[in-house]
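Asks:
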Amino acid sequence: MTSIFDQYEQESQVTQRAVPVSEQMTSSGYISMQLEDNKPMFSKQKMNFNPSDRITFVAVASDFLVLAMANGKLFRLDLKNPDQQEEIHYAKYVQPNSRLTSIFLDPLGYHLLMSFTPRNKDGNPELVYLHRKSSKVKVVAKSRNYEVTEVGWNYENTSTATTAPILLGTSQGHILETELEANSDKMFTASHQYWRQVFDIGKGNDTPITGIEFRRINSTTEYFIFITTPNRLYQFIGDAVFTDDKPSLQYIFHSYLTIAESFQEIPSTLNYSQLQFFYDKKNLPTFAWLTEPGIFHGQLDLNSQRNSNSLFTQGELINYPADANAKETVPIAFVLTEFHVLLMYSNKVKAVSLLNQELVYEDNYSEAHGKLINIVQDPLKRTIWAITDKSVFRYKVTREERNVWRIYSDKKQFDLAKEHCNNNPAFIDIINVKQAELLFSEGDYDRSAEIFAETQSSFETVCLKFLEINQVNALKIYLGKRLESLQEDENTLISMIVIWMTELYVSQLGQLRRSGKEDSEEYHHIQSDFEVFLLQPKVVKCMQHVKSVIYDVMSSHGDKQNLIKLTVLNEDYENVISQHIYRKSYLEALNMLQTLKKPELFYHFAPLLMEETAKSTVNALISQGPKLSPSKLLPAFLACPKDEAHVNEIVRYLEFMVQNFNVKDRAIHNYLLTLYAESDLKALMRYLTRQGQDMSLVNYDIHYALRLCREKGLSEACVKLSTLLGLWETATELALDFDVSLAKDVASMPDDTRLQRRLWLGVAEHIIRKNQDLKEAMSLLEECPLIKIEDILPFFSDVVTIDHFREPICQSLQEYNNQIEELKAEMEDATKSAEYVRGEIQSFRNRSVLVSVSDACCVCGLALLLRPFYLFPCAHRFHSDCLLSETLPILAPARRNKLTDLQRQLAVLSNVELATVTSSGLPFREVIKNEIDDIVASECIFCGEHMIACIDKPFIADEDWDRVMKEWE
2 MTSIFDQYEQ
12 ESQVTQRAVP
22 VSEQMTSSGY
32 ISMQLEDNKP
42 MFSKQKMNFN
52 PSDRITFVAV
62 ASDFLVLAMA
72 NGKLFRLDLK
82 NPDQQEEIHY
92 AKYVQPNSRL
102 TSIFLDPLGY
112 HLLMSFTPRN
122 KDGNPELVYL
132 HRKSSKVKVV
142 AKSRNYEVTE
152 VGWNYENTST
162 ATTAPILLGT
172 SQGHILETEL
182 EANSDKMFTA
192 SHQYWRQVFD
202 IGKGNDTPIT
212 GIEFRRINST
222 TEYFIFITTP
232 NRLYQFIGDA
242 VFTDDKPSLQ
252 YIFHSYLTIA
262 ESFQEIPSTL
272 NYSQLQFFYD
282 KKNLPTFAWL
292 TEPGIFHGQL
302 DLNSQRNSNS
312 LFTQGELINY
322 PADANAKETV
332 PIAFVLTEFH
342 VLLMYSNKVK
352 AVSLLNQELV
362 YEDNYSEAHG
372 KLINIVQDPL
382 KRTIWAITDK
392 SVFRYKVTRE
402 ERNVWRIYSD
412 KKQFDLAKEH
422 CNNNPAFIDI
432 INVKQAELLF
442 SEGDYDRSAE
452 IFAETQSSFE
462 TVCLKFLEIN
472 QVNALKIYLG
482 KRLESLQEDE
492 NTLISMIVIW
502 MTELYVSQLG
512 QLRRSGKEDS
522 EEYHHIQSDF
532 EVFLLQPKVV
542 KCMQHVKSVI
552 YDVMSSHGDK
562 QNLIKLTVLN
572 EDYENVISQH
582 IYRKSYLEAL
592 NMLQTLKKPE
602 LFYHFAPLLM
612 EETAKSTVNA
622 LISQGPKLSP
632 SKLLPAFLAC
642 PKDEAHVNEI
652 VRYLEFMVQN
662 FNVKDRAIHN
672 YLLTLYAESD
682 LKALMRYLTR
692 QGQDMSLVNY
702 DIHYALRLCR
712 EKGLSEACVK
722 LSTLLGLWET
732 ATELALDFDV
742 SLAKDVASMP
752 DDTRLQRRLW
762 LGVAEHIIRK
772 NQDLKEAMSL
782 LEECPLIKIE
792 DILPFFSDVV
802 TIDHFREPIC
812 QSLQEYNNQI
822 EELKAEMEDA
832 TKSAEYVRGE
842 IQSFRNRSVL
852 VSVSDACCVC
862 GLALLLRPFY
872 LFPCAHRFHS
882 DCLLSETLPI
892 LAPARRNKLT
902 DLQRQLAVLS
912 NVELATVTSS
922 GLPFREVIKN
932 EIDDIVASEC
942 IFCGEHMIAC
952 IDKPFIADED
962 WDRVMKEWE
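Quick note: the sequence shown uses the working numbering, first residue 2, plus one each step.
(1) Starting from the Cα of K482, find the closest Cα among A450, S459 and T462 and give me that residue.
(2) Excluding the 5 residues flanking L131 on each side, which residues of the same chain have their C-beta closer than 6 Å to its C-beta?
(3) Please state whether DSSP places T171 in a helix, a strand or coil.
(4) So, for F879: in the same chain, excluding its five sequence neighbours on each side, which residues have a beta-carbon less than 7 Å away from its beta-carbon?
(5) With a Cβ-Cβ cutoff of 8 Å, do F340 and K45 count as a contact?
(6) Kindly provide the ranges of any alpha helix (DSSP H) runs that are 4 or more residues long and lie completely inside the stretch 863–937, ordered along the chain.
(7) I408 lies in the beta strand (DSSP E); which residues open and close that run?
(8) Which residues mark the beginning and the end of the alpha helix (DSSP H) in which A454 is found?
(9) Within 10 angstroms of its Cβ, does Y990 collect 16 or more other Cβ (buried), or is it exposed?
(10) Is the beta carbon of S116 sitting closer than 8 Å to the one on V149?
(11) Using 10 angstroms around the beta-carbon of D560, count the other beta-carbons present and answer buried if the total reaches 16, otherwise exposed.
(12) Give the range of the alpha helix (DSSP H) segment to which K616 is assigned.
(13) L698 and C710 look like a contact to me (Cβ under 8 Å); what is the Cβ gap, rounded to whole Å?
(14) Leaving out five residues before and five after L602 in sequence, what residues of the same chain have Cβ atoms less than 8 Å from its Cβ?
(15) For Y574 and chain D, any beta-carbon pair shorter than 8 Å?
(16) Round the Cβ separation of E87 and S53 to the nearest angstrom and send it over; I've been treating them as touching at under 8 Å.
(17) Can you tell me whether S23 is buried or exposed, with buried defined as 16 or more other CB within 10 angstroms of its CB?
(18) State buried or exposed for Q315, treating a residue as buried only when at least 16 other CB atoms are found within 10 Å of its CB.
(19) Quick check: what's the CA-CA separation for V928 versus L900?
(20) To which residues of the same chain is K397 closer than 7 Å at the C-beta, ignoring the five residues directly before and after it?
(21) Ordered along the chain, which non-local residues of its own chain (more than five positions away) have a Cβ less than 6 Å from that of Y147?
(22) Going by other Cβ atoms of all chains shown within 10 Å of its Cβ, with 16 needed for buried, is K954 buried or exposed?
(23) Using three-state DSSP, classify R100 as helix, strand or coil.
(24) In the DSSP output, what is V336 paired with across the bridge?
(25) So, does the stretch 416–430 touch the stretch 95–112, judging by three or more C-beta pairs under 8 Å?
(26) Which residues in the same chain as E293 place their Cβ atom closer than 7 Å to its Cβ, once the five residues preceding and following it in sequence are excluded?
(27) Taking only the alpha-carbon atoms, compute the straight-line gap between Q843 and R755 and give it to the nearest angstrom.
(28) DSSP state of K47, grouped into three classes?
(29) Tell me, please, whether the stretch 376–388 touches the stretch 317–325 by the rule of three or more beta-carbon pairs shorter than 8 Å.
(30) Could you give the DSSP three-state label for D1: helix, strand or coil?
(31) Using C-beta distances below 7 Å, list every residue in its chain close to N219, excluding the 5 sequence neighbours before and after it, in chain order.
(32) Looking only at DSSP bridge pairs, what is W1 linked to?
(33) Starting from the Cα of V59, find the closest Cα among W386, D752 and E519 and give me that residue.
(34) Pairs of beta-carbons, one from the stretch 255–267 and one from the stretch 208–216, closer than 8 Å: are there three or more?
(35) On the premise that A732 lies in contact with V971, defined as a C-beta separation below 8 Å, what is that separation, rounded to the nearest angstrom?
(36) In terms of residues, what are the limits of the alpha helix (DSSP H) holding K435?
Following this line, the structure appears as structure tokens:
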């Protein structure tokens, strides 16, 4: 159960600083996040042990605590093993009238020095030494004339047997260098390697030394030494001489024997001061010096300031917190941490921030605990101890850096603020918002936009801030940074920003163009930025979804140049070509079409290009050759004006494709024929002639061509087409209307002589009835031998006498006589042939073949007379069943099926049915056998057509090859 006293102690520990409302999170992304750590930054815990008397001095190092008490005893405690406590009576080893003035413990916690002064003028001051492993106090012999007030320990020392070289400061201002050893055979005197005075700060005046700190600079032979008096801070820099890896510090002071030493002076009426150092995680030192006006605090730069008289680059005086009720204005002692100083008064401890000098913590001590006498810090473990004359307290420091980021942010040191916020996104956001707002108020809009983009501030709010003051460049920067931070799946936001930024860019470029600044540096800079923007991966990906909107934006601003660049960038070639056409750059559009080699684009843009620049378009089409389908270009040709220039270019392209690539598409040929019919009859006739007279080889629609030519009144072409369709009479009649010679040619074309005769008679009738010209009629008889004089006589009028036809009539009669004689000769030949055939038939009836008993079947090799057999005129003999088995596989399927059916009938039908006489007078059995003989014995299988057809058949079938090969092996 917590006692009332403990409750009072808890209440007395007050954390002064709360987070102001004005500093709460202002960005939307983290508004509900708790920013403060609930644990107190400084908390106190009382150690659970009671000293045997009033405590007067304390020292702690490496978790080893030493207390000096008023009864002349030392209390030693290993904090790692708090149960092991020890008290040593030191008073018996020193002069009876001596008074303890201070104790000093080295950083390792092994070497303890105790400084004594005489209570009266008869005695001498002395310094005693006590080792951690020993309980015997030893006097340092040469120290009897020096009152040691401060010890500068060697932080590089790792030995527990020796202190290594150290510096001692006295009340007279002397600086001594010595090295003490623990392994001394002398019972009451401490051994030291050497003892020498190296400097005199007071220069004859009693100036007490209140602090000494020396450290090596960056592992070199160079050291810095800080020494303080009540009102001065001295700095010494120099090289030490090493002997056996131990530095001799007196050489550092040698140069200052002839030159004035460097010091910082702060007026003070106090007879004390205190020097504290702190090394952060990067081993960078800071120092603090307690003076009457305040704590002088600074940072050391061991690199850049080495050649100057001062090591610290930043120094400021931290005022003590005001307290109207306090009896003391200056603290008795203090401890330095990384970001705070803990000030100890007689009845309280206060923590003040080094960054903003605000009081962050106050701890009041009650009388029950006694009066505070000192506050110390373990130099290695960094633990903090406050000692009253009755108790020992330990202070725990919990995340003292928690508010550092906010302090730096308030001081506008934003980079430092970010370094100390532990990568907390909420803190970083607050810092960025504050920095962005500051830059905005200062007019640095571009930089403000960059920082705003890193915050969670409302997108709309930030954009409005820049729009209200017409800062387009800053807005673009903000949008660009936000675009970079978006994830790939945030498609809506990405699309919105890309469209907006495009609008801003093209708007700026448009304003400059309208102002006549198209060649200005500003214009080229914006154009360059715009092109870089369009190449960003997110923008390129976004263009796949919003390119139509982007195109509309650019078009609305008349930015044709960037529109073309964008379409090329997106490989949106259709829009590229559209833009060229929009700008009436037809040749550029054609060049791009030829470069891209995309036929569908040719088909798409051909109508417009043919209409605007027919010749160049046809040249481009011809250059593509067979890559383009002429039939897919027909819509473009049909849409063209039907003037001579356009028609000639279309004909040029179609002729090129037909003649060079043998295009046979009927639609193409029909369209070409149409163009010929409408514009060039000679070209039409040449075309019809090239196509030939074979309907199967003609590529155009003949009926369509004939109908077209009739509509156009092209008689010659109609004649040509009619002959192609076999309309000979029509073609001849049409030709007779305008060209008799053409009609004669048509009449001579048919292969059928009767048709030729009929056509020629039509020509003759037309000529004779029209002219009644005997000479012309006679010439017709010479031109066509198929017509005779008697054929044309009816065409003459009745007034024409026969005398005019004497010669052709006689010639005709002579021809008839010759034909009669030829027929007689043919009849005699036929009679002789018939008689020869009848004689052969009669000889076959009486022919016979003698079959011997030894004759064998040509298939099975057995005696022929054993079974029914067939005997062929070629003398080959076969058993009927052997011939059947050989013939069956080579029969056609129909004959094979018929043979199978006949065999089935012969086997199934009864004898009565088979004996039935058919209409031919033969029994049904004989009829079936005759049909089987006709199929099986139609020819000899060795001499007939089958053997000739099998001349290229291998002796061994493919399926039997492997078997035969194995048999031969």
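Quick reminder that beta carbons are idealized off the backbone N, C-alpha and C, glycines included.
Replies: The relevant details are as follows:
(1) A450
(2) L113 and V138
(3) strand
(4) So the qualifying residues of the chain are C858, C859, V860, F870 and Y871.
(5) no
(6) Taking only runs of at least 4 residues, the alpha helix (DSSP H) segments lying wholly in the stretch 863–937 are 881–888, 894–909, 912–916 and 925–937.
(7) Element bounds for I408: not the beta strand (DSSP E) but the alpha helix (DSSP H), V405 to D411.
(8) Note, A454: premise wrong, no alpha helix (DSSP H); not H, not E.
(9) The displayed coordinates of the chain run from 2 to 970. Any statement about residue 990 would go beyond what the structure contains.
(10) yes
(11) D560 comes out buried.
(12) A615 to Q625
(13) No, L698 and C710 are not in contact; Cβ-Cβ is about 20 Å, not under 8 Å.
(14) Excluding positions up to five away in sequence, the list reads Y574, E575, I578 and L594.
(15) This model lacks chain D altogether, as it is built from one protein chain only.
(16) Contact flag wrong, Cβ pair sits at about 12 Å.
(17) Because the pLDDT of S23 is 39, which lies under 50, any placement of that residue in the model is unreliable, and the number read from its coordinates should be weighed accordingly. Answer is exposed; the Cβ neighbour count stays below 16.
(18) exposed
(19) Answer to the nearest angstrom: the Cα atoms are 13 Å apart.
(20) So the list reads S44 and Q46, once near-sequence residues are dropped.
(21) T171
(22) exposed
(23) strand
(24) L343
(25) no
(26) A distance below 7 Å between beta-carbons, with the five flanking residues on each side excluded, links E293 to the following residues of its chain, in chain order: S269, T270, L271 and V331.
(27) 43 Å
(28) strand
(29) no
(30) The chain is shown from 2 up to 970; residue 1 falls before or after that span and cannot be answered.
(31) Result list for N219: L303, in chain order.
(32) Because the chain here runs from 2 to 970, residue 1 falls outside it and cannot be looked at.
(33) W386
(34) no
(35) A question about residue 971 goes unanswered here, because the residues of the chain that appear run from 2 up to 970.
(36) Residue range P426 to E443 is occupied by the alpha helix (DSSP H) that includes K435.
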